[in-house]
Every structure is written in C-alpha cells, then in structure tokens.
C-alpha cells in the first residue's frame with residue numbers, strides 16, 4: 198500500500214502527470230522532457246526524482262544522458278487497484294439495477 202500512496206502522491210502534480218503522458222509515447226531524455234515546460238532542467242529533475250521514488254519511472258545512464266521510461270510494474274499495480282474499485286462499483290450498480298427493477302410499478306389491466 199505504501200507504494201500506491203507514493204504513486205498517487207506523485208500523480209497529484211500536473212507537471213508529473215504531463216511527464217508520464219510524454220513517457221507513455223516512449224523513452225526520452227531529461228532534456229527532451231524539459232523542453233515543453235517553463236521551468237529549469239533541475240526543476241524537471243526534481244520531478245523525475247519523485248516519479249522514480251514512487252516507482253513510476255526508471256532512469257538509466259547512457260554516457261552523459263539519463264533516458265527515462267515508464268515502469269510497467271508500477272502502472273500495473275495502479276491498474277489492478279483501480280480494477281478492484283471498478284469491480285466494486287459494477288457490483289453496486291448491479292444491486293441498484295435489481296432494486297430499481299423491483300420497484301417498477303406493476304401494469305394494471307385496462308378498464309373496459
């Protein structure tokens with residue numbers, strides 16, 4: 198659960214969500230990630246450190262570059278947790294459907 202807490206905390210920031218959306222397109226460098234944002238490269242690096250600490254991304258060293266990519270295991274863990282919630286909601290909606298179906302007024306015979 199601590200890993201989920203860290204992931205959702207990291208996802209609370211719109212810049213970090215935008216970074217993850219970009220990484221969904223494929224691996225990229227820190228400098229490429231920083232381009233669309235009006236902030237310094239060190240600020241982007243701090244965001245990446247939070248994402249990495251939450252297990253949402255993986256960084257590697259390639260010479261002077263630090264390419265980043267999504268960490269599939271963390272995304273899968275979030276998806277499984279959300280799947281559990283989706284299932285609970287579906288069960289609740291099914292019960293509501295049953296209750297509403299039981300409340301349908303019975304049709305009366307037309308008077309002649």
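Residue numbers (my numbering): 198 to 309.
Cβ coordinates follow ideal geometry from the N, Cα and C atoms, glycine included.
Which one of the options has the shortest CA to CA distance from residue i?
| i | options | result |
| --- | --- | --- |
| residue 206 | 285, 218, 247 and 263 | 247 |
| residue 262 | 225, 220, 271 and 291 | 225 |
In whole angstroms, what is the alpha-carbon distance linking residue i and residue j?
| i | j | result |
| --- | --- | --- |
| residue 299 | residue 277 | 33 Å |
| residue 241 | residue 296 | 51 Å |
| residue 199 | residue 210 | 18 Å |
| residue 214 | residue 204 | 11 Å |
Label residue i either buried or exposed according to how many other C-beta atoms from any shown protein chain fall within 10 Å of its C-beta, with 16 as the threshold for buried.
| i | result |
| --- | --- |
| residue 279 | exposed |
| residue 253 | buried |
| residue 218 | exposed |
Throw me the rounded Cβ distance for the residue i and residue j pair, which I believe falls under 8 Å.
| i | j | result |
| --- | --- | --- |
| residue 208 | residue 227 | About 19 Å separates the two Cβ atoms, so there is no contact after all. |
| residue 221 | residue 267 | 6 Å |
Checklist entry - Counting Cβ pairs, one atom from each stretch, are 3 or more of them under 8 Å apart for the segment 278-288 and the segment 229-247? => result no
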